[in-house]
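Reviewing the structure listed below.
Residue numbers (the working numbering): 37 to 319.
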């Protein structure tokens with residue numbers, strides 16, 4: 037049997053051992069293969085050594101094997117090596133390997149490289165290149181890149197494209213993108229104003245525990261935008277927003293206290309727990 041086929045079979049034995057929870061056997065299989073230059077064994081060994089409660093010695097070995105596989109153009113190893121280097125704040129080396137993986141088409145590496153370029157980690161900042169890499173990853177469907185691209189475009193004033201990308205990320209369940217799309221709809225920025233849809237999107241983000249969406253829902257309830265005005269629900273939502281750490285919530289709570297009778301304030305305080313558990317009951 038040809039040597040590469042034998043190596044593949046032995047590598048598969050390592051996967052079977054790992055699935056059975058037999059880490060020592062997996063290590064004993066992959067280590068000699070990795071030492072002979074088998075790229076998949078090198079990558080698997082790196083993953084195994086970097087996983088779980090890895091100590092510094094294991095991480096150093098994981099880095100060694102990821103680098104060995106990365107130098108053989110293993111895309112997963114290039115990305116894993118960059119992630120490991122970034123976790124150790126070795127920004128310049130991390131940026132190099134994200135660049136290699138990004139140019140090979142890895143969406144997550146493209147997104148990570150965009151972040152490093154935007155923040156000036158591992159080299160000079162370059163917002164134009166950051167946007168280009170965010171777009172490359174966003175077009176592959178990576179929702180975090182879609183959100184980052186939307187945020188970057190909003191900063192550049194391209195509000196319609198920003199709203200498009202917030203919508204793409206929101207459709208994949210990105211909570212902050214959902215909130216930002218609601219904000220665009222409520223203000224008519226990059227989208228035709230639609231208070232009812234904005235309210236529904238805020239409700240979706242609030243259901244994921246997002247404090248700013250609870251706060252904006254409270255404002256909409258208090259002002260009667262996108263639905264009927266209801267001070268009691270507005271106060272309950274504002275209380276939840278304050279619990280979750282929203283800075284502006286206390287001022288809204290104070291303002292509502294000034295216009296609400298005592299019995300309604302008490303009802304709102306009693307309703308807050310229900311609103312937090314089921315935002316739809318107050319949305």
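The C-beta atom is built at its ideal place from N, Cα and C for all residues, glycine as well.
Computed from a predicted structure; not experimentally measured.
If only complete runs of 3 or more residues are kept, the stretch 112-160 shows no beta strand (DSSP E) anywhere. Taking 7 Å as the cut-off, the Cβ atoms of residue 138 and residue 153 do not count as close. For residue 65, the secondary structure class from DSSP, reduced to helix, strand or coil, is helix. The continuous stretches of alpha helix (DSSP H) do not include residue 109, and DSSP gives it neither H nor E. Nearest to residue 148 by C-alpha distance, out of 111, 131 and 160, is 131.
For residue 279, the uninterrupted alpha helix (DSSP H) run begins and ends at 267-279, by DSSP. Apart from the 5 residues on each side of it in sequence, residue 85 sits with its Cβ closer than 8 Å to the Cβ of 94, 95, 97, 98 and 101 in its chain, given in chain order. Here residue 293 is exposed. Its C-beta has fewer than 16 other C-beta atoms within 10 Å.
Excluding sequence positions up to five before and after residue 75, its CB lies within less than 7 Å of the CB of 105, 108 and 110, all in the same chain and listed in chain order.
When secondary structure is reduced to three states using DSSP, residue 176 falls in the coil class, being assigned neither helix nor strand. Residue 77 places its beta carbon less than 7 Å from that of residue 69. Given a length threshold of 4 residues, each whole run of the alpha helix (DSSP H) inside the stretch 210-260 is given here in chain order: 211-223, 231-243 and 247-259.
Sorting 307, 231 and 276 by C-alpha distance to the C-alpha of residue 250 places 276 at the top. Contact between the stretch 240-257 and the stretch 209-226 is present, with at least three C-beta pairs closer than 8 Å. Taking residue 278 as reference, the option from 263, 252 and 162 with the minimal CA-CA separation is 252.
Only buried fits residue 118, as 16 or more other CB atoms lie within 10 angstroms of its CB. In chain order, 199, 202, 203, 206 and 237 place their CB closer than 7 Å to the CB of residue 217, counting only its own chain and leaving out the 5 sequence neighbours on each side. Taking residue 234 as reference, the option from 144, 287, 268 and 219 with the minimal CA-CA separation is 219.
Residue 116 and residue 156 have their C-alpha atoms some 21 Å from each other. For residue 82, the enclosing alpha helix (DSSP H) starts and ends at 75-86. Residue 96 carries a helical assignment under DSSP once its states are collapsed to helix, strand and coil. Less than 7 Å divides the Cβ of residue 169 from the Cβ of residue 150. Residue 197 is positioned such that its CB atom lies no closer than 7 Å to that of residue 315.
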